[in-house]
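Mapping the sequence shown onto this note's numbering, position 51 (from 1) lands on 86, and the numbers just tick up by one. Backbone N, C-alpha and C fix where the C-beta goes; we use that ideal spot for every residue, glycine too. These numbers come from a predicted model, not from an experiment. Here is the structure we will look at, set down as structure tokens.
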Amino acid sequence: MRNEIMYDAVMAEVAYRREQLEKASRPGRRWFGRAKAEVRVPEQRRPSPVELARAR
């Protein structure tokens, strides 16, 4: 359970930083006409029975 929370926190931080970098960067000539990449945070998943057994 703890690893799952850590994973979600890290992925949210990565998405946030990527979004900030995209906002801060100035588009060059080669970026005109390109669609902006959408940042998606993965949904939380339940631990498998094997992961539950390892955690105990």
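Next on the checklist: Restricting to Cα atoms, I'd like to know which of R53, Y51, Q79 is closest to D43.
Outcome noted: Of R53, Y51, Q79, the residue nearest in Cα terms is Q79.
Checklist entry - How close, in whole Å, do the beta carbons of V74 and E54 come, if the pair is a contact with beta carbons under 8 Å? => result Indeed, because the Cβ distance is near 5 Å, the residues count as touching under 8 Å.
Item to check | Span separating the alpha-carbon of M46 from that of E39 | outcome: A direct Cα-Cα distance of roughly 11 Å separates M46 from E39.
Checklist entry - Rounded to a whole number of angstroms, what is the C-alpha to C-alpha distance between R52 and M41? => result When rounded, the distance between both Cα atoms is 16 Å.
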